[in-house]
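Below you'll find the structure, written out as structure tokens, and then a few comments.
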Amino acid sequence: MVFVSSLAKGSLLIAAGTLYKILLTILIDKYLATHLGVEDFGKFKYGITIVLLLSTLCTLGFNSSIIRSLAIQHSFDKRKILISLSLVLTAIMTFLVVSLGLMAPSLFGVDSPFLYATVFFSLNTLYASIYSGMERPKLKVFINDIFGFSAYLLFIWVYFQFFDQSVHIAQIYLAYVVIVFVFNLLVTKSYYKKIKAIDLKRKLIKEYTSYTMPLFGVSVLIILSANLDKVVLNFFVSEEQLGIYYSVFNISNLLPLILTILVFMYLPRMSRFLQKGKKIKATLLSSYSSKWTMIMASVFFGAIFFYGKEIIGLLYTNDFVSGVKVLQILAFGQWINVSLGFTGQNLLALGDSKRQLYIRLFSFTIGLILLYFGAKYYGNLGASISILAALICSNLLQIVVLKKIHNFVGYRRQNFFTLGIVVLIGLFLSYLHKSTFFENLHFVVSMSIDLVIFVSVLFMVNVIGKKDLKVLKISEG
Numbered sequence: 000m001v002f003v004s005s006l007a008k009g010s011l012l013i014a015a016g017t018l019y020k021i022l023l024t025i026l027i028d029k030y031l032a033t034h035l036g037v038e039d040f041g042k043f044k045y046g047i048t049i050v051l052l053l054s055t056l057c058t059l060g061f062n063s064s065i066i067r068s069l070a071i072q073h074s075f076d077k078r079k080i081l082i083s084l085s086l087v088l089t090a091i092m093t094f095l096v097v098s099l100g101l102m103a104p105s106l107f108g109v110d111s112p113f114l115y116a117t118v119f120f121s122l123n124t125l126y127a128s129i130y131s132g133m134e135r136p137k138l139k140v141f142i143n144d145i146f147g148f149s150a151y152l153l154f155i156w157v158y159f160q161f162f163d164q165s166v167h168i169a170q171i172y173l174a175y176v177v178i179v180f181v182f183n184l185l186v187t188k189s190y191y192k193k194i195k196a197i198d199l200k201r202k203l204i205k206e207y208t209s210y211t212m213p214l215f216g217v218s219v220l221i222i223l224s225a226n227l228d229k230v231v232l233n234f235f236v237s238e239e240q241l242g243i244y245y246s247v248f249n250i251s252n253l254l255p256l257i258l259t260i261l262v263f264m265y266l267p268r269m270s271r272f273l274q275k276g277k278k279i280k281a282t283l284l285s286s287y288s289s290k291w292t293m294i295m296a297s298v299f300f301g302a303i304f305f306y307g308k309e310i311i312g313l314l315y316t317n318d319f320v321s322g323v324k325v326l327q328i329l330a331f332g333q334w335i336n337v338s339l340g341f342t343g344q345n346l347l348a349l350g351d352s353k354r355q356l357y358i359r360l361f362s363f364t365i366g367l368i369l370l371y372f373g374a375k376y377y378g379n380l381g382a383s384i385s386i387l388a389a390l391i392c393s394n395l396l397q398i399v400v401l402k403k404i405h406n407f408v409g410y411r412r413q414n415f416f417t418l419g420i421v422v423l424i425g426l427f428l429s430y431l432h433k434s435t436f437f438e439n440l441h442f443v444v445s446m447s448i449d450l451v452i453f454v455s456v457l458f459m460v461n462v463i464g465k466k467d468l469k470v471l472k473i474s475e476g
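In numbering that gives the first Met the number 0, the protein residues as written are 0 to 476.
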């Protein structure tokens with residue numbers, strides 16, 4: 000029952016932290032959009048995009064590989080070696096990349112505060128992965144989510160009390176990532192170990208680096224796939240259109256946070272199950288997790304599909320409402336991605352980082368080709384369609400590899416039954432929304448009615464029932 004308690008409590012804690020982060024992210028973006036305007040908002044978000052891209056390059060794949068490596072390693076001394084090595088190599092790589100950016104300012108096209116922020120953001124990302132591998136959700140939630148975003152919002156609020164321009168806003172982002180890094184550094188002081196030359200020759204390090212190298216490529220391709228649309232659009236659309244795209248992308252990106260909530264606890268558990276040959280338990284965990292991610296994603300996607308304009312106006316301003324079609328396409332892609340569950344994480348749990356790299360490379364290439372022509376000829380709309388195609392391609396390939404190579408199928412009949420019910424409810428609500436009943440209702444009231452209908456039908460047809468408790472009891476067989 001220790002497993003059940005820690006999994007449930009850890010997931011709930013991560014969920015609470017993520018929801019808090021979502022709320023503050025919405026407040027921060029609305030505050031920035033209101034004070035900066037569409038064009039300057041786009042410039043600021045573009046700078047953060049460059050930080051994300053560079054930090055992925057700087058972490059060298061350790062932010063992905065260290066989770067499984069720590070989860071399956073029982074020796075705390077060996078864990079400290081892996082942590083220390085990852086942090087040192089990340090720091091060295093970050094120093095080189097940032098130095099290059101400072102010597103050639105036009106290379107990355109952002110202000111120097113964003114380059115300095117890359118150093119601390121890279122290390123903060125690695126710390127979050129360390130907390131996952133060590134199963135320390137409290138540290139991740141309280142430092143990276145609650146404290147970090149509270150400080151970020153406070154810094155921005157104070158800034159606009161004294162300045163009414165965007166000239167120094169990048170320094171606020173730098174201050175935010177620095178203070179989070181300081182706290183991460185202080186609370187993990189017992190996790191470090193001085194690495195000796197003999198340590199580098201150990202089998203532990205060789206296995207760790209061989210597992211990490213493909214994941215470096217995977218991490219770069221994932222972050223490029225998630226952010227290259229903004230970089231490419233920067234060359235083909237106006238700053239106003241770029242700002243609109245950022246706003247709707249941020250809203251659609253709330254859906255994959257569902258996976259973020261669960262993966263913190265999911266990947267370490269799945270890694271241990273598969274390493275010990277407990278395939279039935281692993282299948283059950285994957286199946287029930289996927290069912291619930293589909294249900295949660297459907298709630299968010301339904302709200303965006305039916306009330307996209309109202310949501311954009313509420314979270315930003317009416318100047319951004321013209322991006323509603325792009326929002327719906329991006330949200331549909333994320334609904335598919337989240338509904339399919341942890342396809343990529345299952346490959347990582349199996350230790351198959353090489354095939355994950357090949358899949359990401361292929362889907363990235365397809366997405367890049369579509370993105371170039373889509374953004375060039377159709378602007379924001381074309382970019383959103385290319386992202387949708389890349390997400391579908393990547394997930395389907397991962398499912399095929401899991402089945403054909405590893406004989407692992409993370410879905411059961413309940414998953415297909417749930418999909419059918421969700422689609423039928425969606426069609427019914429679409430028909431219902433064409434009636435005059437919804438015309439005079441506030442969108443929050445209409446959304447609440449939709450939610451009640453959705454949840455009621457799920458219970459009526461027994462999509463949600465006692466069997467769902469299996470996901471918390473699988474450790475008992």
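Each residue gets a CB set at the ideal place from its N, CA and C atoms; glycine is no exception.
In the structure shown, the three-state DSSP call for Val87 is helix.
For Ser121, the enclosing alpha helix (DSSP H) has its first and last residue at 111 to 132. About 7 Å separates the beta carbons of Gln413 and Ser286, which is inside the 8 Å limit, making them a contact pair. Gln72 sits in coil when the DSSP states are folded into three classes, being neither helix nor strand. The region 71 to 85 makes no contact with the region 168 to 184, as fewer than three CB pairs between them are under 8 Å.
Annotation: the continuous alpha helix (DSSP H) that includes Glu309 extends over 278 to 314.
Within a 10 Å sphere around the beta-carbon of Ser105 sit fewer than 16 other beta-carbons, which makes this residue exposed. A direct Cα-to-Cα measurement between Ala382 and Gly373 gives close to 5 Å. Taking a contact to require three or more Cβ pairs closer than 8 Å, the region 153 to 162 and the region 41 to 50 do not qualify as touching. Measuring C-alpha to C-alpha distances from Lys79 to each of Glu239, Ala90, Ile65, Ile91 identifies Ile65 as the nearest. Counting only residues of its own chain and dropping the five nearest sequence neighbours on each side, Gly343 has a CB closer than 6 Å to the CB of Gln397.
Of the residues Gln240, Ile221, Ile91, the one whose Cα lies closest to the Cα of Val325 is Gln240. In the three-state DSSP reduction, His34 falls in the helix class (H, G or I). With respect to Tyr315, Lys137 sits apart: the two C-beta atoms are not nearer than 8 Å. In this structure, Phe305 sits away from His441, with a CB-CB distance that is not shorter than 8 Å. Here the C-alpha atom of Leu52 lies approximately 9 Å from the C-alpha atom of Ala225. DSSP, reduced to helix, strand and coil, places Thr187 outside both helices and strands of the structure shown, so it counts as coil. Rounded to whole angstroms, the gap between the alpha carbons of Thr55 and Ile178 is 20 Å. A distance below 7 Å between beta-carbons, with the five flanking residues on each side excluded, links Leu253 to the following residues of its chain, in chain order: Ile21, Phe299. Counting along the chain, Lys324 sits inside the alpha helix (DSSP H) bounded by residues 323 to 338. Taking the CA atoms as reference points, Gln333 sits about 18 Å from Phe415. Straight across, the Cα-Cα distance linking Ile358 with Asn62 is about 19 Å.
Inclusion of Tyr207 and Ser83 in the CB contact set at 8 Å is not warranted, their separation being larger than that value.
Within a 10 Å sphere around the beta-carbon of Thr17 sit 16 or more other beta-carbons, which makes this residue buried. Shown here, Gly350 sits in coil according to DSSP, grouped into three states, outside any helix or strand. A straight line joining the alpha-carbon of Tyr245 with that of Arg201 spans about 46 Å. Fewer than three beta-carbon pairs drawn from the region 268 to 286 and the region 419 to 439 are found closer than 8 Å, and the two stretches are therefore not classed as touching. DSSP assignment within the region 400 to 438 yields the following whole alpha helix (DSSP H) runs of 4 residues or more, N-terminal first: 412 to 432. Here the alpha carbon of Ile452 sits roughly 54 Å from the alpha carbon of Ile91. Counting of Cβ neighbours within 10 angstroms places Met102 among the exposed residues, the total staying below 16. Going by DSSP, Lys205 is part of the alpha helix (DSSP H) stretching over 202 to 235.
Gly100 sits in a helix when the DSSP states are folded into three classes. Only residues of its own chain outside the window of five on either side were considered, and among them Cys57, Thr58, Leu59, Phe61, Ser121, Leu122, Leu125 have a CB closer than 8 Å to the CB of Thr89, listed in chain order. Just so you know, the alpha carbons of Ile368 and Gln160 end up roughly 45 Å apart. The continuous alpha helix (DSSP H) containing Asn249 extends over residues 238 to 251.
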